[in-house]
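Residue numbers (the numbering used here): 147 to 639. For glycine and all other residues, C-beta sits at the position ideal for the given N, C-alpha and C. In this text, all values refer to a predicted model and were calculated from it rather than measured experimentally. Report on the structure given below.
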């Protein structure tokens with residue numbers, strides 16, 4: 147029996163889809179008063195309208211024509227896009243339960259199977275999020291112990307940066323490793339050396355998956371899973387990488403099971419396993435090994451990626467705007483001096499605080515937000531959204547809302563300062579999203595960003611390599627990092 151080549155399979159799949167559209171495509175969504183949007187093409191929907199590298203910019207442009215609540219079609223999937231701070235806040239804060247679900251995303255469902263936090267729904271999501279928040283508080287967020295661990299990691303990071311002697315280097319894996327060590331301390335009470343082969347392998351798997359998630363093949367898989375699962379492509383790499391990550395997690399918690407002392411819980415894994423023991427047989431519905439595996443997977447990937455990507459944007463922006471870097475360093479000298487930075491210093495450092503907020507706003511690392519889905523039929527801002535509607539609360543449109551930010555497309559720390567230089571909050575600052583699905587680790591992330599950033603600028607001045615023109619154009623990925631670049635970390639006297 148001859149095996150069909152991939153192009154033949156793709157062509158056959160396309161013909162089948164086209165025939166399906168011809169036979170059934172005339173059936174329109176009879177839902178009255180669904181949000182308007184651009185006319186969709188057969189099979190592909192509105193894909194040709196989208197900027198492949200920055201689809202969120204296309205959506206912002208479409209909102210100017212169709213309003214702050216509109217729809218687009220990706221393949222057969224209708225999606226409702228929410229644009230601007232007022233609309234996104236209205237949905238996530240005033241209708242928190244109605245917009246609380248995640249839609250079906252086959253590529254993620256293949257891995258998570260409804261477990262963990264990020265892609266689960268219903269009671270399982272509520273139980274896992276409640277446990278996750280409690281464990282993060284107990285073993286990290288807001289506690290002096292985690293502040294000490296972050297400062298210890300800062301020391302290792304400074305030593306590593308010093309080892310390059312002011313010569314150009316790529317910060318990606320180093321920043322990944324530093325951020326990974328903080329979340330690893332909470333999850334499994336362990337710190338990896340930056341050159342540790344196991345850590346480097348885990349980081350490679352996570353980074354590769356985050357990059358591949360934004361690929362056209364991954365989008366096709368989520369749109370046409372029954373066909374794409376038979377076609378070679380990066381979706382198979384994503385699944386393989388995820389399986390390897392999950393095997394590492396399973397081996398890790400098996401060791402924790404063997405030495406568990408429920409009276410001496412050291413980390414999140416111990417706390418989960420203790421609940422598992424205490425509540426059997428009633429806890430099998432939620433506190434089982436599959437939920438633990440995906441929960442740790444979710445928290446490790448998110449805790450590492452978002453913090454490290456933001457810090458990479460921070461150093462790039464400091465190189466691009468040396469006058470801003472100098473002002474931050476002057477404030478560090480005035481408030482902190484040569485002593486170890488502490489979280490409590492932040493309230494005395496309005497300019498540094500404003501710069502950090504603006505780094506998060508400008509970096510815009512999760513522009514599409516996590517996708518949401520409606521839990522019931524609702525009417526929102528005059529439009530009817532049936533239960534299960536795929537919803538994109540577009541964070542890029544919030545962080546670039548010109549009604550709240552004077553210069554939305556520029557790096558401008560004054561967005562968070564008053565005329566006298568005092569820090570001022572901006573209600574449209576929502577890099578961690580809002581509502582039921584907001585980032586569970588926001589408090590931890592804020593502490594990490596402040597301590598890493600001030601420690602690095604306390605010890606170094608960052609410059610571009612000689613002759614290099616810095617590019618602030620974002621790269622492509624599941625999160626949005628800066629494009630590949632190197633930095634020169636010049637030790638400060």
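Same chain, Cβ closer than 7 Å to residue 611, five either side skipped, listed in chain order: 314, 632 and 634
Option nearest residue 565 by Cα separation, candidates 281, 192 and 497: 497
Spatial distance of residue 393 from residue 300 (CA atoms): 30 Å
Beta-carbon spacing of residue 502, residue 599 below 8 Å: yes
Segment contact, 8 Å Cβ cut-off, at least three pairs: the segment 309-325 with the segment 450-466: yes
Opening and closing residue of the alpha helix (DSSP H) in which residue 217 lies: Per DSSP, residue 217 belongs to no alpha helix (DSSP H); it is in the beta strand (DSSP E), 215-220.
Best match in 568, 422, 583 and 246 for proximity to residue 494 [C-alpha to C-alpha]: 568
Where the alpha helix (DSSP H) containing residue 392 begins and where it ends: 380-404
For residue 223, the residue or residues it bridges with in DSSP: 220
Top-ranked residue by Cα proximity to residue 339, from 333, 327, 332 and 348: 327
Cβ of residue 216 within 8 Å of any chain B Cβ: The chain labelled as chain B is not found in the depicted structure, where only one protein chain is given.
As assigned by DSSP and simplified to three states, the class of residue 525: strand
For residue 474, the first and last residue of its enclosing alpha helix (DSSP H): 468-481
Neighbour-count burial assignment, residue 198, 16 or more Cβ in a 10 Å radius: exposed
Three CB pairs or more closer than 8 Å across the segment 404-411 and the segment 382-391: no
Whole-angstrom distance between residue 591 and residue 279, CA atom to CA atom: 13 Å
Nearest-angstrom Cα separation, counted from residue 585 out to residue 579: 7 Å
Contact set for residue 368: own chain, Cβ-Cβ below 7 Å, skip 5 residues either direction: 251, 252 and 253
Span of the beta strand (DSSP E), counted from its first residue to its last, around residue 635: 634-637
Reference residue 542; option with closest CA among 562, 444, 534 and 620: 620
Where residue 421 falls, given that 16 or more other Cβ within 10 Å makes a residue buried: buried
With 16 other Cβ atoms within 10 Å as the buried cut-off, status of residue 305: exposed
Same chain only: Cβ atoms within 6 Å of residue 261, ignoring 5 sequence neighbours per side: 436, 437 and 440
N- and C-terminal bounds of the beta strand (DSSP E) containing residue 408: That residue, residue 408, is in no beta strand (DSSP E); it is neither H nor E in DSSP.
Helix, strand or coil at residue 184 [DSSP, three-state]: coil
beta-carbon residue 263 near the ligand NAD non-hydrogen atom, thresh 7 Å: As presented, the structure is devoid of all ligands, the ligand NAD included, so that no description of it is given.
Backbone secondary structure at residue 351 - three-state DSSP: helix
Rounded straight-line distance, which links the Cα of residue 506 to that of residue 626: 11 Å
Residue 623 versus residue 540 - alpha carbon distance: 16 Å
Contacts around residue 244, its chain only, beta-carbon distance under 7 Å, and the 5 residues preceding and following it disregarded: 520, 521, 522 and 524
With 16 other Cβ atoms within 10 Å as the buried cut-off, status of residue 192: buried
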